[in-house]
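Only one structure is covered here, and it is reproduced in the block below.
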Amino acid sequence: MQEAATTTSSIAASSLPSSSDRSSSSALNIEVKEGMESDEEIGRVPEMGGGGGAVQASGGGSRRRERSPADKENKRLKRLVRNRVSAQQARERKKAYLGDLEVRVKELESKNAELQERLSTFQNENQMLRKVMM
Numbered sequence: 001m002q003e004a005a006t007t008t009s010s011i012a013a014s015s016l017p018s019s020s021d022r023s024s025s026s027a028l029n030i031e032v033k034e035g036m037e038s039d040e041e042i043g044r045v046p047e048m049g050g051g052g053g054a055v056q057a058s059g060g061g062s063r064r065r066e067r068s069p070a071d072k073e074n075k076r077l078k079r080l081v082r083n084r085v086s087a088q089q090a091r092e093r094k095k096a097y098l099g100d101l102e103v104r105v106k107e108l109e110s111k112n113a114e115l116q117e118r119l120s121t122f123q124n125e126n127q128m129l130r131k132v133m134m
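For the sequence shown, UniProt numbering gives the first residue as 1, with consecutive numbering after it.
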């Protein structure tokens, strides 16, 4: 179990860009190196190995616990991975939404053209009837 967590954490850490790569958009793609993930696993971020216990803060009964630098780094890496997954899902939702909107625009444009054609026909018919009545 510990080996799986270590392997997962090394994969997650190796997929993170360096500080110089963070500005490029291609660095935002997360590659899955060991097969496809299930829908349930996509939302979960793997536990980063490192053990490291928390240290009790000195301060008369304070319940807040200090985190070791390794814990802080692991928490930061988990947050980065979680944010990237969330951002990718948001991009996919946006792409699907825009695709639906484009389909709807085409449908509405064709309906509008049809209605304009009918309006023109009715206006011409109305003019002809007015001329006949005079």
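Every residue, glycine too, gets a C-beta built ideally from N, C-alpha and C.
In the three-state DSSP reduction, arginine 130 falls in the helix class (H, G or I). Secondary structure at arginine 65: strand, using DSSP grouped into helix, strand and coil.
By the neighbour-count criterion, in which 16 or more other beta carbons inside 10 Å mark a residue as buried, asparagine 74 falls on the buried side. Between alanine 90 and lysine 111, the alpha-carbon positions lie close to 31 Å from each other. Taking all protein chains shown into account, valine 103 has fewer than 16 neighbouring C-beta atoms within 10 Å of its C-beta and is therefore exposed. Distance between leucine 108 and proline 69, taken at the CA atoms: about 57 Å. When only Cα atoms are considered, alanine 87 and tyrosine 97 end up about 15 Å apart.
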